[in-house]
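Following the UniProt record's numbering, the numbering of the sequence shown begins with 1 at its first residue and continues without gaps. We treat Cβ as the ideally placed atom computed from N, Cα and C, and that holds for glycine. First comes the structure, then the notes that go with it.
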Amino acid sequence: MFDHVTVLVAVNADKRPSQTAAARATEVQRLLPADWENVSVAAWHGLTVEYCRDHGCGVIVRGVRNSTDYQREHELAATNEALGVTTVFVPTRPELATMSSSAVRTLRT
1 MFDHVTVLVA VNADKRPSQT AAARATEVQR LLPADWENVS VAAWHGLTVE
51 YCRDHGCGVI VRGVRNSTDY QREHELAATN EALGVTTVFV PTRPELATMS
101 SSAVRTLRT
């Protein structure tokens, strides 16, 4: 679908992560298969659309678990589109639809 993909680990001001964005990006990079040479990982402390504009990314890919996610993401996508960045939605696999960052943190402790 894309020649290159950047996994962006961004900071959400409404959340209190247990690790820094840089540490989380390092962990994501470690978990990627070694042969995924067209995938990079970056940490960012701003709006995702700003990262895209600063780094020449024309598309944001977002996973959506349910209608609540879709509604929120659709509103963000309209803003991103107005700023020149397209958003593509990918539905979450059914077995992962209830997974959230909170659930992952619970599993890690």
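_Does the structure place the stretch 27-40 close enough to the stretch 57-76 that three or more beta carbon pairs sit under 8 Å?_
no
*Contained alpha helix (DSSP H) runs [length at least 4] in the stretch 12-46, N- to C-terminal order*: 21-31
*Determine which residues share a DSSP beta bridge with Arg62 and list them.*
As a position in the sequence shown, residue 62 is number 62, starting the count at 1. Per DSSP, Phe89.
*Around the C-beta of Leu8, are 16 or more other C-beta atoms found within 10 angstroms, so that it is buried, or is it exposed?*
Working through the sequence shown from its first residue, we reach residue 8 at position 8. Flag for Leu8 reads buried.
*What is the rounded straight-line gap between the Cα of Gly46 and the Cα of Pro94?*
In the sequence shown, the residue the question calls residue 46 occupies position 46. In the sequence shown, the residue the question calls residue 94 occupies position 94. Their Cα atoms are separated by approximately 31 Å.
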